[in-house]
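S.K.:
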Amino acid sequence: MTMAYFSEKFITWLDAHADQIDKESGELADQLLERIAAEGVFGIAVPEIYGGQGGSKTEVVEFLSELAQHSLTASFISWGHRTFIEMLLASSNDLLKKSWLPDLLTGKLAAGTALSNATKFLSKIEELNVTLVEQDGKYYLRGRLPWVTNLRSDRFAAVFAAQFEDSSKEPIVLVIPSEAAGLSRSADLEFAALQGSNTAALSFDNVPLDDRWILSGDARSFLAQTRPEFLGYQFGLAFGLIERSLDEVAQSLSSNRSVLKQEYDDTKDKLTALRQCLFTGLESEKDFIEDPRQLFQLRIDIVDIVADSLLLELQASGGRGYLKGSASGFIRRWNEGAFLPIVSPSAVQLRHILTRA
Numbered sequence: 105m106t107m108a109y110f111s112e113k114f115i116t117w118l119d120a121h122a123d124q125i126d127k128e129s130g131e132l133a134d135q136l137l138e139r140i141a142a143e144g145v146f147g148i149a150v151p152e153i154y155g156g157q158g159g160s161k162t163e164v165v166e167f168l169s170e171l172a173q174h175s176l177t178a179s180f181i182s183w184g185h186r187t188f189i190e191m192l193l194a195s196s197n198d199l200l201k202k203s204w205l206p207d208l209l210t211g212k213l214a215a216g217t218a219l220s221n222a223t224k225f226l227s228k229i230e231e232l233n234v235t236l237v238e239q240d241g242k243y244y245l246r247g248r249l250p251w252v253t254n255l256r257s258d259r260f261a262a263v264f265a266a267q268f269e270d271s272s273k274e275p276i277v278l279v280i281p282s283e284a285a286g287l288s289r290s291a292d293l294e295f296a297a298l299q300g301s302n303t304a305a306l307s308f309d310n311v312p313l314d315d316r317w318i319l320s321g322d323a324r325s326f327l328a329q330t331r332p333e334f335l336g337y338q339f340g341l342a343f344g345l346i347e348r349s350l351d352e353v354a355q356s357l358s359s360n361r362s363v364l365k366q367e368y369d370d371t372k373d374k375l376t377a378l379r380q381c382l383f384t385g386l387e388s389e390k391d392f393i394e395d396p397r398q399l400f401q402l403r404i405d406i407v408d409i410v411a412d413s414l415l416l417e418l419q420a421s422g423g424r425g426y427l428k429g430s431a432s433g434f435i436r437r438w439n440e441g442a443f444l445p446i447v448s449p450s451a452v453q454l455r456h457i458l459t460r461a
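Residue numbering for the sequence shown follows this note's numbering, beginning at 105 and increasing consecutively.
1) In or out: Pro151 buried (at least 16 other Cβ within 10 Å) or exposed?
2) By the 10 Å Cβ neighbour count, where 16 or more other Cβ atoms means buried, how is Ala141 classified, buried or exposed?
3) Just to confirm before moving on: does the CB-CB distance between Tyr187 and Glu387 stay below 9 Å?
4) Ser325 to Ser421, Cα distance in whole Å?
5) State the Cα-Cα distance for the pair Ala122 and Thr223, rounded to the nearest angstrom.
6) Go to Leu245, then tell me how far its beta strand (DSSP E) extends in each direction, as first and last residue.
7) Roughly how many whole angstroms lie between the Cα atoms of Glu230 and Ala266?
8) Could you check which residue in Ser359, Glu347, Glu163 has the C-alpha nearest to that of Ala411?
9) Go ahead and pull the three-state DSSP assignment for Thr217.
10) Assuming Ile318 is part of the beta strand (DSSP E), what are its boundary residues?
11) Where Leu350 and Ser203 are concerned, what is the direct C-alpha to C-alpha distance, given to the nearest angstrom?
12) Look at the Cβ atom of Gly130, then the Cβ atom of Leu209, and state whether they are nearer than 9 Å.
13) Using the beta-carbon count (16 or more within 10 Å), is Ala133 buried or exposed?
14) Around the Cβ of Ile457, are there at least 16 other Cβ atoms within 10 angstroms (buried) or fewer (exposed)?
15) Looking only at its chain, what residues have a beta carbon closer than 7 Å to the beta carbon of Gln173, apart from the 5 residues adjacent to it on each side?
16) Check Thr303 in the structure and name its three-state DSSP category.
17) Cα separation between Met107 and Asn360?
18) Look up Gly130 in the DSSP assignment and say whether it is helix, strand or coil.
19) Looking only at its chain, what residues have a beta carbon closer than 7 Å to the beta carbon of Pro396, apart from the 5 residues adjacent to it on each side?
20) List the residues that DSSP assigns as beta-bridge partners of Glu238.
21) Is it buried or exposed, Ser301, if we count other Cβ atoms within 10 angstroms and call 16 or more buried?
22) To which residues of the same chain is Gly147 closer than 7 Å at the C-beta, ignoring the five residues directly before and after it?
23) Once DSSP output is grouped into helix, strand and coil, what is the label at Met107?
24) Can you tell me where the alpha helix (DSSP H) with Phe188 in it begins and where it stops?
25) Which residue marks the beginning of the alpha helix (DSSP H) containing Gln393, and which one marks its end?
26) Report the three-state DSSP secondary structure of Asp292 (helix, strand or coil).
27) Just to confirm, is the Cβ distance from Arg246 to Asp322 under 9 Å?
28) Look at Thr217 and Thr253 and say whether their C-beta atoms are less than 9 Å apart.
29) Buried or exposed: which applies to Arg256, given that a residue is buried once 16 or more other Cβ atoms fall within 10 Å of its Cβ?
30) Note down, in chain order, each residue of its chain lying with its Cβ closer than 6 Å to the Cβ of Met105, except the 5 sequence neighbours on either side.
31) Got a sec? Which residues, its chain only, sit under 8 Å from Gly316 by beta carbon, not counting five neighbours each side?
32) The alpha helix (DSSP H) spanning Gln329 covers which residue range?
33) So Pro206 is in the alpha helix (DSSP H); what residue range does that whole segment cover?
34) Alpha carbon to alpha carbon, what distance is there between Gly144 and Ser450?
35) So the candidates are Leu136, Ile393, Asp408; which of them puts its Cα closest to the Cα of Ala178?
36) The beta strand (DSSP E) spanning Phe268 covers which residue range?
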């Protein structure tokens, strides 16, 4: 396996700490984003005018995939962070681009993408969790986002959608910095895996709206335009997990596990075909925007391939993979894999959308 985007030194560090990052919040988890940023990956597919290095959106999926081969936590926080950058780039808010992008590219500012609720709202599954209330000619934010990743304890920002109490106004997409008055972050949610992802709830207690935070005054249109990246970049998590599992299986095929060869080949073929469909859609300017159902179906299908590859790895490793001290990291990957069907919008929610469509 060639290391395309990360230095050997970083990967060695990540491998040494992957289990701890998976199980614990705290100092190591708080260092993680800046360590990833120091590898230069957050500038991939960001125009040079904004301090990035250009490149294609499929490369974002590739670097997330490389990370996920070593730590799904690292890949998950990077997905949220890079998707936030994508939202900023897609907006017409040049002031925020100039003032925030330098710190986002270096990881000095951590960013959470709280748009799962908005994606479900777009598909008429649920209402928006945050409301804009008018008082004396000013607007205030009220509500709660129950699950936002990459809310590092020292400094973060989050992107989300909010609806007006006056329903005649269109919902908007906006960002909020951690220092905003009336904004509070809960303790980290207690996860079975990915504990180092700084995932918490955000509460809005009459937060005064600053117009400089608005990315779009038309949430429906903006979210439809950016949904291919929001959902598409998530595939990097699954790809990396599958590739690592299949690499582990490949090492056993020459032994008495050769009976698994056909399943291994089939799983690899499914991954290759799905990746091709995703990359074609991401490289197209309009495919996934005009027909999001195609993207939803791919997202449902990848969850099945993750499950197949992990089950195959367990069979290939036998009892040794189930030992606590196993060097393969299988049990961590097994727990990480259990997260992918529920990462929002979940596979079940997407099935609902497709059934109704």
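No residue lacks a Cβ here, since even glycine has one placed at the ideal position from N, Cα and C. No experiment lies behind these values; they were computed from the predicted model shown.
M.R.: To lay it out plainly:
1) Start at 1 with the first residue of the sequence shown, and residue 151 comes out as number 47. Label assigned to Pro151: exposed.
2) Along the sequence shown, read from residue 1 onward, the residue named residue 141 stands at position 37. By the 10 Å Cβ count, Ala141 comes out buried.
3) Taking the sequence shown and counting its residues from 1, the one referred to as residue 187 is at position 83. Taking the sequence shown and counting its residues from 1, the one referred to as residue 387 is at position 283. In the sequence on display, residue 187 carries Thr and not Tyr. No, these two residues do not count as a Cβ contact at 9 Å.
4) Along the sequence shown, read from residue 1 onward, the residue named residue 325 stands at position 221. Along the sequence shown, read from residue 1 onward, the residue named residue 421 stands at position 317. When rounded, the distance between both Cα atoms is 48 Å.
5) For the purposes of this step, residue 122 is taken as the residue at position 18 of the sequence shown. For the purposes of this step, residue 223 is taken as the residue at position 119 of the sequence shown. Taking the straight line from one Cα to the other gives about 30 Å.
6) The residue given as residue 245 occupies position 141 in the sequence shown. Element bounds for Leu245: 242–252.
7) Position 126 of the sequence shown, counted from the first residue, corresponds to residue 230. Position 162 of the sequence shown, counted from the first residue, corresponds to residue 266. Cα to Cα, Glu230 sits roughly 13 Å from Ala266.
8) Taking the sequence shown and counting its residues from 1, one reaches residue 411 at position 307. Of the listed residues, the one whose Cα sits closest to Ala411 is Glu347.
9) Taking the first residue of the sequence shown as position 1, residue 217 is located at position 113. Correct three-state label for Thr217: strand.
10) The sequence position of residue 318 within the sequence shown is 214, counting from 1. For Ile318, the uninterrupted beta strand (DSSP E) run begins and ends at 318–320, by DSSP.
11) Working through the sequence shown from its first residue, we reach residue 350 at position 246. Working through the sequence shown from its first residue, we reach residue 203 at position 99. Note on geometry: alpha-carbon atoms of Leu350 and Ser203 lie some 43 Å from one another.
12) Start at 1 with the first residue of the sequence shown, and residue 130 comes out as number 26. Start at 1 with the first residue of the sequence shown, and residue 209 comes out as number 105. Cβ atoms of Gly130 and Leu209: not closer than 9 Å.
13) Start at 1 with the first residue of the sequence shown, and residue 133 comes out as number 29. So Ala133 ends up on the buried side.
14) Your numbering for residue 457 matches position 353 in the sequence shown. By the 10 Å Cβ count, Ile457 comes out buried.
15) Against the sequence shown, residue 173 aligns to sequence position 69. Closer than 7 Å at the Cβ level, and outside the excluded window around Gln173, lie Gly344, Glu347, Arg348.
16) On the sequence shown, residue 303 is found 199 positions in, with the first residue counted as 1. In the structure shown, Thr303 sits in coil (DSSP, three-state: anything other than H, G, I, E or B).
17) As a first step, residue 107 must be located in the sequence shown, where it is residue number 3. As a first step, residue 360 must be located in the sequence shown, where it is residue number 256. Interpretation of Met107 is limited by its pLDDT of 49, a score under 50 that renders its predicted location unreliable; the figure taken from the coordinates is listed afterwards. Their Cα atoms are separated by approximately 30 Å.
18) As a first step, residue 130 is located in the sequence shown; it is residue number 26 there, counting from the start. Assignment of Gly130 by DSSP, reduced to helix, strand and coil, places it in the coil class.
19) Residue mapping note: residue 396 aligns to position 292 of the sequence shown, counting from 1. Excluding five sequence positions before and after Pro396, the CB atoms of its chain that fall closer than 7 Å to its own CB belong to Arg331, given in chain order.
20) As a working note, residue 238 is residue 134 in the sequence shown. DSSP, once it has assigned bridges, lists Tyr243 as partnering Glu238.
21) For the purposes of this step, residue 301 is taken as residue 197 along the sequence shown, with counting starting at 1. Buried, by the Cβ-count rule.
22) Start at 1 with the first residue of the sequence shown, and residue 147 comes out as number 43. Scanning its chain for C-beta atoms nearer than 7 Å, with the 5 sequence neighbours on each side dropped, one finds around Gly147 the residues Gly155, Gly156, Gln157, Leu209, in chain order.
23) The residue labelled residue 107 in the question sits at position 3 within the sequence shown. The predicted position of Met107 is uncertain, since its pLDDT is 49 and thus under 50; no value can be drawn from it.
24) Taking the sequence shown and counting its residues from 1, the one referred to as residue 188 is at position 84. Where Phe188 is concerned, the enclosing alpha helix (DSSP H) stretches over 176–194.
25) The count along the sequence shown starts at 1 and reaches residue 393 at position 289. Here residue 393 turns out to be Ile, not Gln, going by the sequence shown. Start and end: 391–394.
26) Counting from one through the sequence shown, the residue named residue 292 turns up at place 188. DSSP places Asp292 in coil when its eight states are reduced to three.
27) Start at 1 with the first residue of the sequence shown, and residue 246 comes out as number 142. Start at 1 with the first residue of the sequence shown, and residue 322 comes out as number 218. No, these two residues do not count as a Cβ contact at 9 Å.
28) In the sequence shown, the residue the question calls residue 217 occupies position 113. In the sequence shown, the residue the question calls residue 253 occupies position 149. Taking 9 Å as the Cβ cut-off, Thr217 and Thr253 qualify as a contacting pair.
29) The sequence position of residue 256 within the sequence shown is 152, counting from 1. Arg256 is buried by the Cβ-count criterion.
30) Along the sequence shown, one-based indexing puts residue 105 at 1. Summary for Met105: the model assigns pLDDT 43, below 50, so the residue's position carries little reliability; its value from the coordinates is reported in the next sentence. Excluding residues within five positions, none has a Cβ falling inside 6 Å.
31) The residue labelled residue 316 in the question sits at position 212 within the sequence shown. What sits at residue 316 in the sequence shown is Arg, not Gly. The answer, listed in chain order, is Asn197, Leu199, Leu200.
32) By 1-based counting over the sequence shown, the position of residue 329 is 225. Element bounds for Gln329: 323–336.
33) Along the sequence shown, read from residue 1 onward, the residue named residue 206 stands at position 102. Counting along the chain, the alpha helix (DSSP H) containing Pro206 begins and ends at 198–210.
34) For the purposes of this step, residue 450 is taken as the residue at position 346 of the sequence shown. For the purposes of this step, residue 144 is taken as the residue at position 40 of the sequence shown. If I take the Cα positions, the gap works out to 30 Å.
35) Walking along the sequence shown from the start, residue 178 turns up at place 74. Nearest C-alpha to Ala178: Leu136.
36) Position 164 of the sequence shown, counted from the start, is the residue given in the question as residue 268. From DSSP, the beta strand (DSSP E) with Phe268 extends over 260–268.
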